[in-house]
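Heads up, the sequence shown is in my numbering, so the first residue is 389 and it goes up one at a time. Don't be surprised by glycine CBs; every beta carbon is placed ideally from N, CA and C. This structure is a prediction, so every number in the text was calculated from the model and none was measured.
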Amino acid sequence: MHWGVDLPKFVQLANECVKSEIQDNPYMVCENCGLFFTDSFEHRLCSCTSKEKQREHFWNKVTDYLGVQVSALLFNLPDDNLAACLLGADKPHLDFEARNQLIKWTATMFF
Ligand SMILES: [Zn+2]
C-alpha cells in the first residue's frame with residue numbers, strides 16, 4: 389500500500405510545533421506519563437512511557453527493513469540528533485529511500 393506524505397509540509401509543521409512549545413513554556417509536564425520535557429517530539433520518541441509499544445515497533449521496523457547496521461547507527465545517536473534525523477535532517481548519511489521510510493514510520497507512530 390502506498391502511503392503518501394507531503395514531506396516538506398510534515399517537517400515544517402513538526403519544527404513549528406517543537407519551536408512554539410519551547411518558546412511558550414520551556415518545561416512542560418507530559419499529560420500521558422507525568423515526566424518533564426522541553427521538546428515534545430523528542431520526549432515522545434525517546435522517553436515517554438506511554439509510547440513504549442510504538443518505540444518497540446519502530447525499532448523493529450528499522451531493523452527489519454533497514455538492517456542492523458542502520459538500526460545501531462540511529463539507536464546510538466544522542467536523543468536530539470535522533471529526533472532531528474527523523475524529522476528529515478541529513479544525518480546520518482542515509483539514502484533518500486531510507487530517510488523517506490523513517491519519516492513515514494515516525495509520522496505514523498509518534499504524531
Ligand atoms: Zn510522556
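From the DSSP output, which residues share a beta bridge with residue i?
i	result
methionine 416	Phe425
Going by other Cβ atoms of all chains shown within 10 Å of its Cβ, with 16 needed for buried, is residue i buried or exposed?
i	result
histidine 390	Confidence in histidine 390 is poor, its pLDDT being 48 and thus under 50, which makes the residue's placement unreliable; the coordinate value appears in the next sentence. Histidine 390 is exposed by the Cβ-count criterion.
threonine 437	exposed
aspartate 483	exposed
methionine 470	It should be noted that the sequence gives leucine, not methionine, for residue 470. It counts as buried.
lysine 439	buried
Does ligand 1 have even one heavy atom less than 8 Å from the beta-carbon of residue i?
i	result
arginine 487	no
phenylalanine 425	yes
lysine 439	yes
histidine 431	yes
asparagine 464	no
asparagine 448	no
cysteine 436	yes
phenylalanine 418	In the sequence under discussion, the amino acid at residue 418 is cysteine, which differs from the phenylalanine named in the question. Yes; taking the cut-off as 8 Å, the Cβ of cysteine 418 has a heavy atom of ligand 1 nearer than that.
My assumption, with CB atoms under 8 Å, is that residue i sits in contact with residue j. Please give the rounded CB distance.
i	j	result
glycine 474	isoleucine 491	It is leucine, not glycine, that sits at residue 474 in the sequence shown. Right, the Cβ-Cβ distance comes to about 7 Å (below 8 Å), so this counts as a contact.
alanine 460	phenylalanine 429	Not really, about 22 Å apart at Cβ, beyond 8 Å.
Whole runs of the alpha helix (DSSP H) within the region 437-496, excluding any shorter than 4 residues: 440-454, 456-463, 467-474
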